[in-house]
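Okay, so here's the structure we're looking at.
2 protein chains.
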Amino acid sequence: MKNNKDHCSEQLPKLGIQPYLELMKTTAKHESKGASARLGLLMLWFSDNYLDAVDLALSPFGITESKLDLLLLLKLHENREGITPSSLADRLGIRRASVTALLEWLEKRDLIAREQSKLDRRMVYVKITAEGLELLDKTLPTFWSACSTVMSDLDQEETMFLDKILVKLNAGIEKKLGMGR
Amino acid sequence: MKNNKDHCSEQLPKLGIQPYLELMKTTAKHESKGASARLGLLMLWFSDNYLDAVDLALSPFGITESKLDLLLLLKLHENREGITPSSLADRLGIRRASVTALLEWLEKRDLIAREQSKLDRRMVYVKITAEGLELLDKTLPTFWSACSTVMSDLDQEETMFLDKILVKLNAGIEKKLGMGR
DNA sequence: AATTTTAGTTAGACAATCTAATTATATGTC
DNA sequence: GACATATAATTAGATTGTCTAACTAAAATT
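Chain order of the listed sequences is D and L.
First residue of the first sequence? That's 93 in the working numbering, and the numbers climb one at a time after it.
First residue of the second sequence? That's 93 in the working numbering, and the numbers climb one at a time after it.
And the structure:
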């Protein structure tokens with residue numbers, strides 16, 4: 093999360109996207125894709141800003157998006173028995189070792205509990221605790237409103253259109269990265 | 093960057109967005125904003141995936157998006173004399189100490205050069221080197237195509253519409269975060 | 001001349017990831 | 001049944017990008 097509060101003389105002017113596009117003309121492979129690349133650049137900037145904004149909204153709760161993501165996954169599969177670190181790694185698109193680190197943090201704060209499987213003692217079952225659920229209850233309203241605030245600048249037509257587009261783009265990119273929620 | 097190649101039994105099914113929306117109904121403040129929050133969630137997922145995809149595309153060049161960002165900024169202001177770490181921090185929306193770290197890395201590889209100002213000896217001027225420009229030349233084609241590839245699923249109408257929407261959203265979020273490019 | 005402000009750096013921290021190695025357990029083969 | 005292989009989780013150690021707080025040197029102000 094970025095949070096620049098240094099008060100410095102603003103020496104470099106904002107360029108906007110134009111100079112980037114001009115540079116692109118001279119350094120891109122196929123000029124045909126100009127419109128897509130412009131879009132991609134706008135999206136890159138927005139993605140950066142948006143993730144920062146959500147992080148910022150969550151920070152008062154002392155939890156990050158990654159960890160909330162994991163808790164949310166556990167909550168939504170609460171009925172299901174036998175959620176293992178491996179399956180979480182799969183679903184989150186990260187390595188098992190990374191999940192271990194997240195679980196370590198969450199367990200230390202009693203937000204989740206781990207229990208060794210009796211059927212296969214290599215495996216561990218992960219569950220969200222009452223405290224974990226409580227934290228979700230406290231955090232989620234802010235999370236949803238952080239998600240929606242930025243989008244509320246759009247009118248109804250734009251909202252519907254963007255929804256359609258994002259569903260399409262997400263499907264495409266999940267296929268490319270080979271995973272999804 | 094995420095890169096899951098562990099081959100695990102896929103135990104947790106993909107849920108898609110529906111269960112998240114149902115949970116939202118019971119945990120959001122104002123139900124009115126449902127459409128925006130749904131959009132925000134889709135955008136959050138897409139932003140995550142998109143940044144991962146761009147990172148992945150850049151990884152063969154041994155440079156990350158943050159560092160490329162900085163180099164690009166230097167390239168686009170190449171004519172301007174006296175670019176300081178402070179002004180870069182301003183423009184990148186990060187702290188001066190963080191810029192020092194990036195410059196350290198870039199300087200070690202001769203991609204940028206630092207020189208003490210003679211007018212005000214507290215200040216340092218940063219310039220991109222020939223090697224830095226070379227790296228940009230090698231990297232940018234891949235960067236632009238990473239930006240555009242994901243977007244190329246869209247037809248012309250969608251592209252134009254999304255462009256308009258992103259300009260609007262970026263303006264809004266930059267105002268909220270208090271910075272921009 | 002003394003104080004305060006500024007620019008940059010350093011030191012030390014934390015979060016989220018990774019790979020490689022390790023441990024314990026299960027499974028499969030001869 | 002014993003040995004080899006595979007699997008699940010963890011540990012160890014690294015990297016990246018960020019932060020805050022303290023420090024140094026120089027400039028500006030009082």
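For each residue, glycine too, the CB sits at the ideal point set by N, CA and C.
| Check | Outcome |
| --- | --- |
| For the beta strand (DSSP E) containing residue 214 (chain D), list its first residue and its last residue. | Looking at the DSSP string, residue 214 (chain D) is not in any beta strand (DSSP E), and its letter there is neither H nor E. |
| Confirm, please, whether the CB-CB distance from residue 224 (chain L) to residue 203 (chain L) is below 7 Å. | yes |
| Are the region 158–173 of chain L and the region 118–134 of chain L in contact at 8 Å, needing three or more beta carbon pairs? | no |
| Just to confirm, is the Cβ distance from residue 183 (chain D) to residue 148 (chain L) under 7 Å? | no |
| Whose C-alpha, out of L:118, L:107, L:106 and L:110, is nearest the C-alpha of residue 231 (chain D)? | L:118 |
| Answer with buried or exposed for residue 263 (chain D), where buried requires no fewer than 16 other C-beta atoms within 10 angstroms of its C-beta. | exposed |
| Let me know if residue 214 (chain D) comes out buried or exposed under the rule of 16 or more other beta-carbons within 10 Å of its beta-carbon. | exposed |
| Please report the residue range of the alpha helix (DSSP H) in which residue 257 (chain L) lies. | 248–269 |
| Strictly by DSSP, which residues pair up with residue 130 (chain L)? | Partner(s): none; residue 130 (chain L) has no beta bridge. |
| Report the rounded CA-to-CA distance for residue 226 (chain L) versus residue 244 (chain D), giving the unit in angstroms. | 42 Å |
| Let me make sure I understand the geometry here. Which of D:221, D:144 and D:142 has the alpha-carbon closest to that of residue 170 (chain D)? | D:221 |
| So which residues on chain D does residue 257 (chain L) lean against when the C-beta distance must stay under 7 Å? | 246, 250 and 254 |
| Does residue 110 (chain D) get closer than 7 Å to chain L when you measure Cβ to Cβ? | no |
| Identify whether residue 120 (chain L) lies in helix, strand or coil by the three-state DSSP scheme. | coil |
| Which of the three DSSP states is assigned to residue 103 (chain D) in this structure? | coil |
| Below 7 Å on C-beta distance, what does residue 133 (chain L) contact in chain D? | 239 |
| So, are the CB atoms of residue 253 (chain L) and residue 261 (chain D) less than 7 Å apart? | no |
| Sorted by chain position, which residues of the same chain lie with C-beta nearer than 7 Å to residue 145 (chain L)'s C-beta, five sequence neighbours on each side aside? | 238 and 242 |
| When you compare only the Cα positions, how much space is there between residue 217 (chain D) and residue 186 (chain D)? | 18 Å |
| Using a Cβ-Cβ distance under 7 Å, would residue 138 (chain L) count as near chain D? | yes |
| Tell me whether residue 98 (chain L) sits in a helix, a strand or coil according to DSSP, three-state version. | Note that residue 98 (chain L) scores 38 on pLDDT, short of 50, meaning its location in the model is unreliable; the coordinates nonetheless yield the value given after this. Of the three classes helix, strand and coil, the one that applies to residue 98 (chain L) here is coil, per DSSP. |
| Give the straight-line distance between the Cα atoms of residue 108 (chain L) and residue 190 (chain L), rounded to the nearest whole angstrom. | 37 Å |
| From residue 195 (chain L) to residue 180 (chain D), what does the alpha carbon distance come to, in whole angstroms? | 37 Å |
| Using a Cβ-Cβ cut-off of 7 Å, state whether residue 217 (chain L) counts as contacting chain D. | no |
| Just to check my reading of the structure: residue 251 (chain D) and residue 178 (chain L) have Cβ atoms closer than 8 Å, yes? What is that Cβ distance to the nearest angstrom? | Not really, about 40 Å apart at Cβ, beyond 8 Å. |
| So, with DSSP's three-state summary, where would you put residue 207 (chain D)? | strand |
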